[in-house]
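**Student:**
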Amino acid sequence: MARVISEFDKPESFMAGAIGLPGERTFYLQVKDGRRSFSVSLEKEQVSLLAARILEMIAGRTSPQARAGSSALDLPLVEEFRVGVLGLAFNNEEQLVIVEAQAITESSETLIEEDDEDGPDLLRVQLTIDAAFEFATGSQAVVSAGRPPCPFCGIVLDPSGHVCPRANGYRR
172 MARVISEFDK
182 PESFMAGAIG
192 LPGERTFYLQ
202 VKDGRRSFSV
212 SLEKEQVSLL
222 AARILEMIAG
232 RTSPQARAGS
242 SALDLPLVEE
252 FRVGVLGLAF
262 NNEEQLVIVE
272 AQAITESSET
282 LIEEDDEDGP
292 DLLRVQLTID
302 AAFEFATGSQ
312 AVVSAGRPPC
322 PFCGIVLDPS
332 GHVCPRANGY
342 RR
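Here it is in structure tokens:
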């Protein structure tokens, strides 16, 4: 099957969101441009790391007009693929942040080169610095809206507490 590369250059919207109850949420990246919409699912940790790395990459480059992003996904949502590998780059000439999300594969966890016709599907989004800031801050809000971590070990707390390894197994 031929590789499908879906490209969005400065889309109207690029956001992360989650569907479900805390502890059972499924995370998505969704990009919209005009009538075109594209959604992929991924892990919470992938969303968190992507947001953190984007903020590091654009530190000191945002304009005063940059604002925090929102996280309301458009429904109904159609998952195009599940993300295995994320890539992040910065185009200095055009001052754009480039996010690549590659479909999960059984063979390897490396980013496949673009010219490989048999590679996994790929989502590529080019964002202005302000749009990248909106995405990153909105993503951090989505991730932090889940269950709080244990102050001792960092493992997320269930509503009934958890057996904390740092507290010798006492339930907190």
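For the sequence shown, our numbering gives the first residue as 172, with consecutive numbering after it.
Just so it is clear, CB atoms sit at the ideal spot from N, CA and C, and this is done for glycine as well.
This structure is a prediction, so every number in the text was calculated from the model and none was measured.
#1: Should Arg174 and Asp292 be called a contact, given that it needs their Cβ atoms to be closer than 8 angstroms?
#2: On the criterion of 16 or more Cβ atoms from any shown chain inside 10 Å, does Ser210 qualify as buried, or is it exposed?
#3: What is the residue span of the beta strand (DSSP E) that Arg253 lies within?
#4: Nearest by alpha-carbon distance to Glu250: which of Ile229, Phe185, Ser208 is it?
#5: Just to confirm before moving on: does the CB-CB distance between Gln273 and Asp180 stay below 8 angstroms?
#6: Mind checking who Asp245 pairs with in its DSSP beta bridge?
#7: For Phe198, tell me which candidate among Ala338, Glu265, Leu213 has the shortest Cα-Cα distance.
#8: In the DSSP assignment, what are the bridge partners of Ser184?
#9: Using the DSSP secondary-structure output, state which residues sit across from Ala272 in a beta bridge.
#10: Are Gly255 and Ile269 closer than 8 angstroms when you measure CB to CB?
#11: Comparing alpha-carbon positions, which option in Ala303, Ala316, Val327 lies nearest Gln236?
#12: Would you mind sorting Val313 into buried or exposed? The rule is 16 or more other CB atoms within 10 Å of its CB.
#13: Since Val217 and Leu257 are thought to touch, with beta carbons under 8 angstroms apart, how far apart are those beta carbons, to the nearest angstrom?
#14: Restricting to Cα atoms, I'd like to know which of Pro247, His333, Ala316 is closest to Cys324.
#15: Within this structure, are the beta carbons of Leu259 and Ile225 separated by less than 8 angstroms?
#16: Using alpha carbons as the reference points, say which of Gly191, Ser184, Leu200 lies closest to Leu294.
**Tutor:** The short version:
#1: yes
#2: Burial call: buried.
#3: 250 to 262
#4: Proximity to Glu250 across Ile229, Phe185, Ser208 peaks at Ser208, based on C-alpha coordinates.
#5: no
#6: Partner(s): none; Asp245 has no beta bridge.
#7: Out of Ala338, Glu265, Leu213, Leu213 has the C-alpha closest to the C-alpha of Phe198.
#8: Lys203
#9: Leu257, Leu294
#10: no
#11: Ala303
#12: buried
#13: In the sequence under discussion, the amino acid at residue 217 is Gln, which differs from the Val named in the question. A Cβ-Cβ distance of about 6 angstroms is found for the pair Gln217 and Leu257, placing them in contact under the 8 angstroms criterion.
#14: Measuring C-alpha to C-alpha distances from Cys324 to each of Pro247, His333, Ala316 identifies His333 as the nearest.
#15: Cβ atoms of Leu259 and Ile225: closer than 8 angstroms.
#16: Leu200
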